[in-house]
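*Asks:* Below you'll find the structure I mean.
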Amino acid sequence: MMLLTSALSALWLATAAHGAVQQDAEGNVKSIGVSSGSSASRHSAHGTNAFFQQLRTHSLNQPYLDSDMQSRWYDFGGDTIIRTDQYIRLTSDRQSQTGNLWSKVPLTATNWEIEVEFKIHGKNTLYGDGFAMWLTKERGREGPVFGNQDRFEGLGIFFDTYKNNRPGVVFPYVMAMVGDGRTSYDKDTDGKNQELAGCSARGIRHASVPTKFKLSHFQDKYLKLELQYKNEGEWVLCFETNEPPTIPPVAYLGFTAETGELSDNHDIISVNARNLYTTAPPTKSTPGSGKGKKVTGQQTEGSWTWFLVKTLFFFFAVGGAYVGYTAYRTKQQRSHRF
């Protein structure tokens, strides 16, 4: 009977595993449900069901450092201060500071989402200059663009808190710039001519709720930036484009901040990077060809149900045979006694 119990337990585990695996129309696995939230189904994006998997190599959470007071996946530099139970402070509320935080390994995922909790705050009524997130070919080079080098190659997302010369725009202002390695960022006009897209975000400094941004990228499909600073759990669309820029295939994820005559605290609280997956539409089939044939959910479920029924019949047959054999042996033993 123990044999039968073990077999049925194994069958139950196989059934649970099958339910966790999701397949596309051609039977390819597109996501596997596992514990600890490392992979899960996401909302429908642009008419496509998306799935994500945590990227440990580019995520960063408290306490930030290991036992050797180092980070396995990130380097820190400049005036950065780390308080392991609270924040990574790129700049303190002091003049003429620059700080940086860079991933040690490049982000090679094609489709990804990066969610960052941050905090901009200080004691002064006049403040600046802001911080930036980067996905660039080079890393760790200090410069005049929010603490990073000018003429960068890649993508920069700027959280600009000080208005230089940009009439008609409310600050703080969040904008994206795509660098080709030759174009310079014009700080005097707050990057007006270099802007890919952007939005005003009044209230993002000293917000009453945790401030976050979420940058999502699907190659050749879209680039989208969302902000949380008005109400917790409420994401405000900053910008979205269906013609995403070309990002270097090997790009480092970084965060930098800068203060000048004016200053502010620029804190990174957490970074959660995810690899996004989506199911490609099935290819068109030609007459007489089995390629591109769509397998419906009912067909898949029916096949699995029939397999389960046959397997149960098999184990019941084995169990019945075992019980019959045990009864036969018992009868034989009794007959030998007399």
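Numbering (mature numbering (1 follows the signal peptide of the UniProt record, and there is no 0)), first residue to last: -19 to -1, 1 to 319.
Idealized CB from N, CA, C, for every residue including glycine.
Can you tell me the Cβ-Cβ gap for residue 179 and residue 220, rounded? I've got them flagged as a contact below 8 Å.
*Replies:* The Cβ separation is near 6 Å, so the contact holds.
*Asks:* Can you find the residues in the same chain that come closer than 8 Å, C-beta to C-beta, to residue 94, ignoring five residues on each side of it along the sequence?
*Replies:* Around residue 94: 33, 195, 196, 197, 198, 254, 255, 257.
*Asks:* Kindly indicate which three-state DSSP category residue 195 falls into: helix, strand or coil?
*Replies:* Note: residue 195 maps to strand in three-state DSSP.
*Asks:* List the DSSP bridge partners of residue 302.
*Replies:* Its beta-bridge partners do not exist; DSSP assigns none.
*Asks:* Rounded to whole angstroms, what is the Cα-Cα separation between residue 181 and residue 142?
*Replies:* Those two C-alpha atoms are separated by around 10 Å.
*Asks:* Would you decide whether residue 104 is buried or exposed? Buried here means 16 or more other CB atoms lie within 10 Å of its CB.
*Replies:* Label assigned to residue 104: exposed.
*Asks:* What does DSSP give as the partner residues of residue 106 in its beta bridges?
*Replies:* Paired residue(s): none; residue 106 is not in a bridge.
*Asks:* DSSP has residue 205 in a bridge; who is on the other side?
*Replies:* Answer by DSSP bridge pairing, in chain order: 197, 221.
*Asks:* What is the rounded straight-line gap between the Cα of residue 97 and the Cα of residue 146?
*Replies:* Cα to Cα, the separation comes out at about 28 Å.
*Asks:* Looking at residue 118: is its Cβ nearer than 8 Å to the Cβ of residue 229?
*Replies:* Going by C-beta atoms, residue 118 is nearer than 8 Å to residue 229.
*Asks:* Let me know the beta strand (DSSP E) ranges lying completely inside the segment 42 to 109, each 3 residues or longer, listed in chain order.
*Replies:* Whole beta strand (DSSP E) segments, 3+ residues: 55 to 59, 62 to 64, 68 to 72, 79 to 84, 93 to 102.
*Asks:* How is residue 293 classed by DSSP in three states: helix, strand or coil?
*Replies:* Residue 293 falls in the helix class under three-state DSSP.
*Asks:* From the DSSP output, which residues share a beta bridge with residue 140?
*Replies:* Paired residues: 112, 155.
*Asks:* For the segment 234 to 247 against the segment 121 to 135, do three or more pairs of beta-carbon atoms, one drawn from each stretch, fall closer than 8 Å, so that the two count as touching?
*Replies:* Touching, yes, given that three or more Cβ pairs across the two stretches are closer than 8 Å.
*Asks:* Please report how far the alpha carbon of residue 166 lies from the alpha carbon of residue 115, in whole angstroms.
*Replies:* In a straight line, the C-alpha of residue 166 is about 14 Å away from that of residue 115.
*Asks:* So, are the CB atoms of residue 183 and residue 132 less than 8 Å apart?
*Replies:* Their beta carbons are not under 8 Å apart, which means residue 183 does not touch residue 132 by this criterion.
*Asks:* Going by the beta-carbon positions, is the gap between residue 80 and residue 113 smaller than 8 Å?
*Replies:* Taking 8 Å as the Cβ cut-off, residue 80 and residue 113 do not qualify as a contacting pair.
*Asks:* So, at 7 Å on beta carbons, what are the nonlocal neighbours of residue 77 in its own chain, with the 5 sequence-adjacent residues on each side left out?
*Replies:* These residues qualify, in order along the chain: 240, 241.
*Asks:* With DSSP collapsed to three states, give me the class of residue 212.
*Replies:* Three-state result, residue 212: coil.
*Asks:* Measuring CA to CA, which of 91, 224, 156, 207 is closest to residue 218?
*Replies:* Among 91, 224, 156, 207, the Cα nearest to that of residue 218 is on 207.
*Asks:* The beta strand (DSSP E) that contains residue 235, what's its start and end?
*Replies:* Residues 233 to 239.
*Asks:* Can you name, in chain order, every residue of its own chain whose Cβ lies under 7 Å from the Cβ of residue 168, other than the five neighbours on each side?
*Replies:* So the list reads 125, 145, once near-sequence residues are dropped.
*Asks:* So what does DSSP say about residue 171, is it helix, strand or coil?
*Replies:* Three-state result, residue 171: coil.
*Asks:* So what does DSSP say about residue 164, is it helix, strand or coil?
*Replies:* If DSSP states are grouped into helix, strand and coil, residue 164 belongs with coil.
*Asks:* Taking the DSSP output, what are the residues bridged to residue 249?
*Replies:* Answer is 69, 99, bridged to residue 249.
*Asks:* Report the option in 43, 120, 90, 44 whose CA atom is closest to the CA atom of residue 56.
*Replies:* It is 120.
*Asks:* Just to confirm my understanding: we take residue 174, look at its own chain, exclude 5 residues before and 5 after, and list those with CB closer than 7 Å. What are they?
*Replies:* 167, listed in sequence order.
*Asks:* The beta strand (DSSP E) with residue 179 in it runs from where to where?
*Replies:* Element bounds for residue 179: 176 to 181.
*Asks:* CA-CA distance, residue 88 and residue 45?
*Replies:* So the alpha carbons of these two residues sit roughly 19 Å apart.
*Asks:* Out of 246, 191, 231, which has the shortest C-alpha to C-alpha gap to residue 92?
*Replies:* For residue 92, the nearest C-alpha among the options comes from 231.
*Asks:* Could you check whether residue 245 and residue 102 sit closer than 8 Å to each other, using their CB atoms as the reference points?
*Replies:* For residue 102 and residue 245, yes; Cβs fall inside 8 Å.
*Asks:* Going by alpha carbons, who is nearest to residue 156 out of 191, 177, 149, 148?
*Replies:* The residue with the shortest Cα to Cα distance from residue 156 is 177.
*Asks:* According to DSSP, simplified to helix, strand and coil, what is residue 38?
*Replies:* Residue 38 falls in the helix class under three-state DSSP.
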